[in-house]
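A.B. asks: My structure is below; once you've seen it, I'll send some questions.
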Ligand SMILES: Nc1nc2c(ncn2[C@@H]2O[C@H](COP(=O)(O)OP(=O)(O)OP(=O)(O)O)[C@@H](O)[C@H]2O)c(=O)[nH]1
Ligand SMILES: [Mg+2]
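Protein chains in written order, with the numbering used here: chain A, 1144 to 1278; chain B, 493 to 820.
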């Protein structure tokens, strides 16, 4: 592990799905900022390729996906594959949003490191991020 | 997990244009790692040839959307483009919201474009010291034009106006008061004035206002009078985008002016002077504090200041005279 004298955690957050609301994810973004993180906000309408390119250029430590419109089982394998293809295994991949509880194990098996359901307290995922960085 | 970074290997990859190496090295420099000096020593000789374009202006005036349009034009001309966007860090948490990249995502599959969002990390002027090094790294990666977007300019020692060859100041209609307040500053900052959102009401009034403000300022025998370019950088239909060709032409004209008058040499000189000054400042402070701490004098000096037996100015003088001024 590289020791940084002034390590900052950089988190990419983006919303997957077409329902056109980004209020929730903006709230999450500002909470992460208040926790001292640098939040790269990509908004909506990104593809796996555009997310991964941003993650590479910006050298983020974490990618956070927000799912609200039921695309979690379709999109997850695509982003995981694109990350693998580009050797981004050292980036922590987390997801949050609304989906049936029984899908969580499936999503984690697909390669998401940790899934948070809507209503998770900020402290919980800030602590998770800080404690589980892969680099 | 990586045990350590092989700097030589990383720099080799950077010079070959590898964006992951660039991204990693930039983080190293941003975080102020010990190794960053070694990185910059290797990177520096491969820099200095890019054209650096500053884009500055208040929040929300359209800097990022203009950057997006300029990238399209520059790419059509076959030029590779690097972008550095600096956003303020929260003074309370140290965190930052980096939201400019969204506007540049249409280039996300273009290998000739590299975009990096940075937080200012405590520097108020919009840039942090490491920005200078970050720009050098992107130059070494092979980007021919580097666009640096910052909020505001000209207020700080570490500032885009010291390194940009051409600086665009972006204004919008209805900024009359701001313009009044900046009057003198405008000429200092702007090589080109962009009146963006020209589709909004009041654009013509603002244009006239700007023109009259500038014609007074420009009487003072300036060689380069900043042109005012009206633009529309966002529109629902592509054909309603306006002024981008004019803007690109103005940038090219300024570039020519810099070459012809050799003003470019002065800009390059000042850039290095600036870098050197900042590195000296940081390193000298570190060196002096380290030295004083080693001899236990740091504590003594600070306490003597608290107890009003001394003041910081006399202490600095004493220390500098003791350790730095060569004795006859
Ligand atoms: N009407 C109109 N709106 C524009 C124009 N250019 C940009 N905007 C809008 O202005 C807003 C801000 O644009 P940005 O490009 O993000 O502005 P910015 O200066 O980069 O903003 P910050 O980085 O937050 O300081 C967006 O909602 C744009 O759609 C324009 O020419 N006309
Ligand atoms: Mg912007």
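For every residue, glycine included, the Cβ atom is placed at its ideal position computed from N, Cα and C.
Note that the coordinates shown come from a computational prediction; the quantities given were computed from them, not determined experimentally.
(1) Any C-beta of chain B sitting closer than 8 Å to the C-beta of residue 1189 (chain A)?
(2) Taking 7 Å as the cut-off, is the beta-carbon of residue 724 (chain B) closer than that to any non-hydrogen atom of ligand 1?
(3) Out of B:689, B:684, B:739 and B:564, which has the shortest C-alpha to C-alpha gap to residue 703 (chain B)?
(4) Give the list of continuous alpha helix (DSSP H) stretches no shorter than 4 residues that lie fully inside the stretch 1216-1265 of chain A.
(5) What are the start and end residues of the beta strand (DSSP E) that includes residue 799 (chain B)?
(6) Is there a Cβ from chain A that is less than 8 Å from the Cβ of residue 508 (chain B)?
(7) Tell me which same chain residues have a C-beta within less than 7 Å of the C-beta of residue 1161 (chain A), skipping the five on either side of it?
(8) Between the beta-carbon of residue 522 (chain B) and the beta-carbon of residue 626 (chain B), is there less than 8 Å?
(9) Under 7 Å from any heavy atom of ligand 2, by CB: list those residues in chain order, please.
(10) Taking 7 Å as the cut-off, is the beta-carbon of residue 517 (chain B) closer than that to any non-hydrogen atom of ligand 1?
(11) For a contact defined as C-beta to C-beta under 8 Å, what are the partners of residue 589 (chain B) on chain A?
(12) Under three-state DSSP, which class holds residue 588 (chain B)?
(13) Using the beta-carbon of each residue, which ones in chain A are nearer than 8 Å to residue 601 (chain B)?
(14) What did DSSP end up calling residue 1188 (chain A) once you bin it into helix, strand or coil?
(15) Identify the continuous beta strand (DSSP E) that holds residue 636 (chain B) and give its terminal residues.
(16) Considering only their Cβ atoms, is the gap separating residue 1185 (chain A) from residue 1153 (chain A) smaller than 8 Å?
(17) Nearest to residue 734 (chain B) by CA position, among B:808, B:607 and B:687, is which residue?
(18) Taking a contact to mean a Cβ-Cβ separation below 8 Å, would you say residue 1157 (chain A) touches residue 1208 (chain A) in this structure?
(19) Can you find a CB in chain A that lies within less than 8 Å of the CB of residue 629 (chain B)?
(20) Are the Cβ atoms of residue 610 (chain B) and residue 576 (chain B) separated by less than 8 Å?
(21) Assuming residue 666 (chain B) and residue 1179 (chain A) form a contact by the criterion Cβ under 8 Å, report the distance between their Cβ atoms to the nearest whole angstrom.
(22) Between residue 756 (chain B) and residue 657 (chain B), how many whole angstroms is the CB-CB distance? I'm expecting something under 8 Å.
(23) Assign residue 779 (chain B) to buried or exposed, taking buried as 16 or more other Cβ atoms, counted over all protein chains shown, within 10 Å of its Cβ.
(24) Could you compute how far the alpha carbon of residue 799 (chain B) sits from the alpha carbon of residue 1259 (chain A)?
(25) State whether the stretch 1216-1226 of chain A contacts the stretch 1251-1270 of chain A, with contact taken as three or more CB pairs (one from each stretch) at a distance under 8 Å.
(26) Counting C-beta neighbours from all protein chains within 10 Å, is the total for residue 1170 (chain A) 16 or more, i.e. buried, or is it exposed?
(27) Kindly examine ligand 1 and report whether one of its heavy atoms sits closer than 7 Å to the Cβ of residue 1186 (chain A).
(28) Against chain B, with Cβ distances strictly below 8 Å, would residue 1273 (chain A) count as a contact?
(29) Anything in chain A within Cβ reach of residue 515 (chain B), meaning under 8 Å, just list it in chain order.
(30) Excluding the 5 residues preceding and the 5 following residue 591 (chain B) in the sequence, name in chain order all residues of the same chain whose CB lies nearer than 8 Å to its CB.
(31) Under the assumption that residue 1237 (chain A) contacts residue 1155 (chain A) (Cβ atoms under 8 Å), give the Cβ distance between them as a whole number of angstroms.
(32) So who's on the other strand from residue 1210 (chain A), going by DSSP bridges?
(33) On a Cα-Cα basis, can you pick out the residue from B:758, B:736, B:663 and B:716 that is closest to residue 701 (chain B)?
(34) Spell out the partners DSSP gives residue 822 (chain B) in its beta bridges.
(35) Which residues of chain B have a Cβ atom closer than 7 Å to the Cβ of residue 1179 (chain A), listed in chain order?
(36) Quick one: is residue 1166 (chain A) near chain B, going by C-beta distance under 8 Å?
C.D. replies: The relevant details are as follows:
(1) Nearest CB-CB separation between residue 1189 (chain A) and chain B: below the 8 Å threshold.
(2) Flag set: Cβ of residue 724 (chain B) near ligand 1.
(3) Measuring C-alpha to C-alpha distances from residue 703 (chain B) to each of B:689, B:684, B:739 and B:564 identifies B:684 as the nearest.
(4) As summarised for the stretch 1216-1265 of chain A, the continuous alpha helix (DSSP H) elements at least 4 residues long and confined to that stretch are 1246-1253, given in chain order.
(5) Taken as a continuous stretch (DSSP letters only), residue 799 (chain B) belongs to no beta strand (DSSP E), as it is neither H nor E.
(6) With 8 Å as the cut-off, residue 508 (chain B) does not count as an interface residue toward chain A.
(7) So the qualifying residues of the chain are 1212.
(8) Cβ atoms of residue 522 (chain B) and residue 626 (chain B): closer than 8 Å.
(9) Going by the Cβ distance cut-off, the answer is B:555, B:556, B:577, B:592, B:595 and B:641.
(10) False, no ligand heavy atom lies under 7 Å from that Cβ.
(11) 1172, 1173, 1176, 1182 and 1184, listed in chain order.
(12) Residue state, collapsed to three classes: strand.
(13) Those are 1192, 1193 and 1196, listed as they occur along chain A.
(14) In the displayed model, residue 1188 (chain A) falls within coil according to three-state DSSP, outside both helix and strand.
(15) Note, residue 636 (chain B): premise wrong, no beta strand (DSSP E); not H, not E.
(16) Their beta carbons are not under 8 Å apart, which means residue 1153 (chain A) does not touch residue 1185 (chain A) by this criterion.
(17) For the set B:808, B:607 and B:687, the Cα lying nearest the Cα of residue 734 (chain B) is the one of B:687.
(18) For residue 1157 (chain A) and residue 1208 (chain A), yes; Cβs fall inside 8 Å.
(19) The C-beta of residue 629 (chain B) comes no closer than 8 Å to any C-beta of chain A.
(20) Yes, Cβ-Cβ distance for residue 610 (chain B) and residue 576 (chain B) is below 8 Å.
(21) That belief does not hold up - the Cβ atoms of residue 666 (chain B) and residue 1179 (chain A) are roughly 36 Å apart, past 8 Å.
(22) About 7 Å separates the beta carbons of residue 756 (chain B) and residue 657 (chain B), which is inside the 8 Å limit, making them a contact pair.
(23) Looking at its Cβ environment, which holds fewer than 16 other Cβ atoms inside 10 Å, residue 779 (chain B) is exposed.
(24) Cα-Cα distance, rounded: 55 Å.
(25) Yes: at least three Cβ pairs fall under 8 Å.
(26) So residue 1170 (chain A) ends up on the exposed side.
(27) Because no heavy atom of ligand 1 lies under 7 Å away, the Cβ of residue 1186 (chain A) does not count as near it: no.
(28) With its beta carbon at least 8 Å from every one in chain B, residue 1273 (chain A) lies outside the interface.
(29) Near residue 515 (chain B) (Cβ distances below 8 Å), the residues of chain A are 1199, 1200, 1201 and 1202.
(30) Contacts found: 579.
(31) About 11 Å; that fails the 8 Å criterion.
(32) Its beta-bridge partners are A:1159 and A:1240.
(33) Put simply, of B:758, B:736, B:663 and B:716 the residue whose alpha carbon is nearest the alpha carbon of residue 701 (chain B) is B:663.
(34) Past the boundaries of the shown model lies residue 822 (chain B); chain B is included only from 493 to 820, so the question cannot be answered.
(35) Listed along chain B, the residues sitting closer than 7 Å to residue 1179 (chain A) by beta-carbon distance are 585, 586 and 587.
(36) Residue 1166 (chain A) does not count as touching chain B.
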